[in-house]
Amino acid sequence: MKWSPEQIKVVRAELARAPSKMEGYRRAALATDTTETAVRCLMQRIEASKGRPEPSENDSTLRSALAKYSDALSLRAEASKIKTLERDLDALRQAMDILAAATERPLPPIKRRELKSGMREATAVAMLSDVHSEEHVRLGETPVPNEYNPAIAERSIARFFAGYRWLIDFHRSAFQIRDVVLWLGGDLMSGHIHEELKEHTATPPIETLLWLRPRLAAGIDSLLADPKIERISIPCSYGNHGRNTAKPFRALGATHSYEWLLYQWLASIYEGNPRVQFLADRSAHQYMRVYEWDLHFHHGDETNYQGGVGGVTIPLSKSVAQWDKAKRCHYHHFGHWHQYIDVGRMTVNGSVIGYNAYAMSIKAEPEPPQQAFYILDSKRGKTCKCPIWVRE
Ligand SMILES: [Mn+2]
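Residue numbering for the sequence shown follows our numbering, starting at 898 and increasing by one per position.
The structure is reproduced here in structure tokens:
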């Protein structure tokens, strides 16, 4: 039992007054409404603790000394905690730099292997972007019926990869396909960049990363399960939604993007696997060479479009002309605009989330949730462009 200080006082007083020890136990038990055994145990405990006196309530010197001692202890604990955290942070930074260094190397170019056989060799390109995996779309949000939540997002991601594999197999009747390019084009998550997103997202950013990682890895694994695929090249562009800053940062945007972290993290799963190569450098623009074609990838948010006549292809074409001055490319790949448009030199990706209030606000063409796919023929370039439908 637990004795209160008042009870202990009463016990002590009864014991002092009583003619004998036994009588004292009896009276103390009666006065405190306990048993003689309990009183005896208490006295034995007090006897045993002699030599380490209990602080009395009136002993303010002792109390303040003890308080100082405990403060010193907690300060020391705090200091060691900070030291440990600093050490951890340092280790994380080092690991991050090693990881980032591995994904900063340019992707090895894809080269033609069928030089004499006369077989048509091609690379299958697919674009995965604008998944917005944790965002909700409710029926009735726009006149176009669409519903979205993490369960639907999960099935849609799986369908994207299944569709990708189906299209690769379908085109094998005409092409030798050993190489695939999978673009992870950003806005895989919605994040909390606007106040209203806190209201209609299922999870906060870091939890969303934890959700996305195994699902994307499962998709990449499903491609690896195809023994005819010798190499998967994965250029990664971060989107505007993964950022942890109020406004987009241009020069150091990658290091302020949860998505960029996700790319590093994904790359680390496949480290040492020669069949999977990631490019997730700190730039908002990624490049790679396939046969004699130069490919350019960018999420698409560095272009302004206010809903003008002619659609998003007009401002994007202007951007492409400028970006071609920095590095001339044959094919440009964008996401961000939630509408699938392939005009040959330029592919704009559809979305996985599908038509929602955002798509309506930017006057996007209503379309089924879909992603872009095409075959890059080693001799003639882009062909067989078609969407991958990602919803049942
Ligand atoms: Mn975007």
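C-beta atoms are modelled at their ideal positions from N, C-alpha and C, and glycine is treated no differently.
The model shown is predicted, which means the values in this text are computed figures rather than measured ones.
- Less than 7 Å divides the Cβ of valine 1034 from the Cβ of asparagine 1253.
- Under the three-state reduction of DSSP output, leucine 1025 falls in the strand class.
- A check of alpha carbon separations from asparagine 1046 across Val1028, Glu1262 and Gly1150 identifies Val1028 as the nearest.
- In this structure, ligand 1 has no non-hydrogen atom nearer than 6 Å to the beta-carbon of asparagine 1046.
- Non-local C-beta neighbours of arginine 1172 in its own chain, meaning closer than 8 Å and more than five positions away in sequence, comprise Leu1121, Ile1126, Glu1127, Arg1128 and Ile1129, ordered along the chain.
- Looking at the backbone, the Cα of phenylalanine 1067 and that of leucine 1012 are separated by about 23 Å.
- In this structure the segment 988–1001 does not touch the segment 1087–1107; the number of beta carbon pairs closer than 8 Å is below three.
- The criterion of a C-beta distance shorter than 7 Å is satisfied by alanine 1114 and isoleucine 1166.
- With a threshold of 16 other beta carbon atoms within 10 Å, lysine 1215 falls short and is exposed.
- For isoleucine 1272, no alpha helix (DSSP H) run applies; the uninterrupted beta strand (DSSP E) run containing it begins and ends at 1267–1274, by DSSP.
- Between phenylalanine 1194 and proline 1132, the CB-CB gap stays under 7 Å.
- In the three-state DSSP reduction, histidine 1068 falls in the helix class (H, G or I).
- Straight across, the Cα-Cα distance linking leucine 1213 with arginine 1075 is about 31 Å.
- In the three-state reduction of the DSSP assignment, isoleucine 1007 falls in the strand class, which pools E and B.
- Residue selection by CB proximity (closer than 7 Å to any heavy atom of ligand 1) returns Asp1027, Gly1083, Asp1084, Gly1136, Asn1137, His1138, His1196, Gly1197, Asp1198, Gly1232 and His1233 in chain order.
- By alpha-carbon distance to lysine 1279, the top candidate from Glu1092, Gly1060 and Thr1020 is Thr1020.
- In the same chain as asparagine 1141, and ignoring 5 residues on each side of it, the C-beta atoms closer than 6 Å to its own belong to His1153, in chain order.
- In the DSSP assignment, isoleucine 1129 is bridged to Val1077 and Val1173.
- Within the same chain, Ser1130, Pro1132, Gln1174, Leu1176 and Met1185 come within 7 Å of leucine 1004 by CB-CB distance, once the 5 residues on both sides are set aside.
- Counting the other CB atoms within 10 Å of its CB gives proline 1042 a total below 16, which places it among the exposed residues.
- Contact annotation, tyrosine 1228 with leucine 1192: C-beta distance approximately 5 Å; criterion of less than 8 Å satisfied.
- For aspartate 1221, the enclosing alpha helix (DSSP H) covers residues 1210–1223.
- Relative to the Cα of glycine 1116, the nearest Cα in the group Ala999, Ala997, Met1024 and Pro1265 belongs to Met1024.
- With at least 16 other beta carbons inside 10 angstroms of its own, tryptophan 1157 counts as buried.
- Here arginine 1140 carries a strand assignment [DSSP, helix/strand/coil].
- Counting along the chain, no alpha helix (DSSP H) covers arginine 1017, and no H or E run does either.
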